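These notes concern the structure reproduced below.
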Amino acid sequence: MENEVFASFAFCSTFLILKMYIVAVITGQVRLHRKAFANPEDAMRHGGLQYCREDTDVERCRRAHHNDMENIYPFLFLGAIYSMLDPDPAIAKIHFLIFFLGRMVHTVAYLMALKAPTRSVAYVIAQVPCFSMVFQILYSLW
C-alpha cells in the first residue's frame, strides 16, 4: 500500500475485526461452558430444552460484542474517509492507535467485569479520535 495513512488504518482495522471474531468465539465458549443456548435446537443437542436460557456471563459477552459493532463499524467508515483527506501520517496513526487501544481496554474491562469507571473511560477515550475525524471530514467537505 502506497498510502501510509490508509495502511495504518487497514492495520488497526484488521486487528479490531479480529478482536470482534475473538469475542464471538469467547461468547460461544461461554455458552457451551454455562450450557445457556439461545436456540432450542442447540439446547437439545447439549442436554435438553432446560438449557435454552439466558445466562449473565453469556449476556455480558454478547453486550461486549454488540458494543463493538456500535463503535467499530462507524470507525471503519470514518477512518476510510479520513484516510482519503491526506492527513498528516503521524497524527492519523495516533487517531487509529488511540481508538484501537481504547476498544481493547473496553473489551477487557467488559469481559472481566473490571471496576467502574474503567470501561466508561476506555469508551470515551476511543470516541475522541472518532469525533476528531468527523470534524475533519466535515471541515474538508465544507
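If you're matching positions, the sequence shown starts at 1 in full-length UniProt numbering and goes up one per residue.
Glycine included, every Cβ here is placed at the ideal spot set by N, Cα and C.
Note that the structure is predicted; figures quoted are calculated from it, not measured.
Candidates the options, of which the one nearest residue i by Cα
i, options, result
"Ala10", "Met104, Leu97, Asn39, Arg45", "Leu97"
"Phe15", "Arg63, Phe99, Val124", "Phe99"
"Tyr51", "Phe37, Leu101, Gly28", "Phe37"
"Tyr21", "Met69, Leu141, Glu54, His106", "Met69"
"His106", "Ser8, Phe131, His66", "His66"
"Thr118", "Glu2, Gly102, Phe131", "Gly102"
Whole-number beta carbon distance between residue j and residue i, since they are thought to touch under 8 Å
i, j, result
"Lys19", "Met133", "With 8 Å as the limit, Lys19 and Met133 do not qualify as a contact, their Cβ atoms being about 20 Å apart."
"Pro87", "Gln136", "7 Å"
"Arg60", "Ala113", "7 Å"
"Leu85", "Ser140", "5 Å"
Residue i, buried or exposed, once every other Cβ within 10 Å from all chains shown has been counted against 16
i, result
"Leu31", "Here residue 31 is Arg; the residue named in the question, Leu, does not match the sequence. Counting Cβ neighbours within 10 Å, Arg31 comes out buried, since at least 16 surround it."
"Ile91", "exposed"
"His95", "buried"
"Leu78", "buried"
"Ala116", "exposed"
"Leu111", "buried"
CA-to-CA distance, residue j to residue i, given in whole angstroms
i, j, result
"Arg45", "Arg63", "25 Å"
"Lys35", "Gly47", "8 Å"
"Trp142", "Val108", "38 Å"
Chain D contact for residue i (CB, 8 Å cutoff)
i, result
"Glu59", "Annotation note: the requested chain D is absent from the structure, which comprises a single protein chain."
Alpha helix (DSSP H) segments (min. 4 residues) lying fully within the region 58 to 125: 89 to 111
Any chance you could list the alpha helix (DSSP H) runs of at least 4 consecutive residues sitting entirely within the region 1 to 61, in chain order? 4 to 34, 40 to 45
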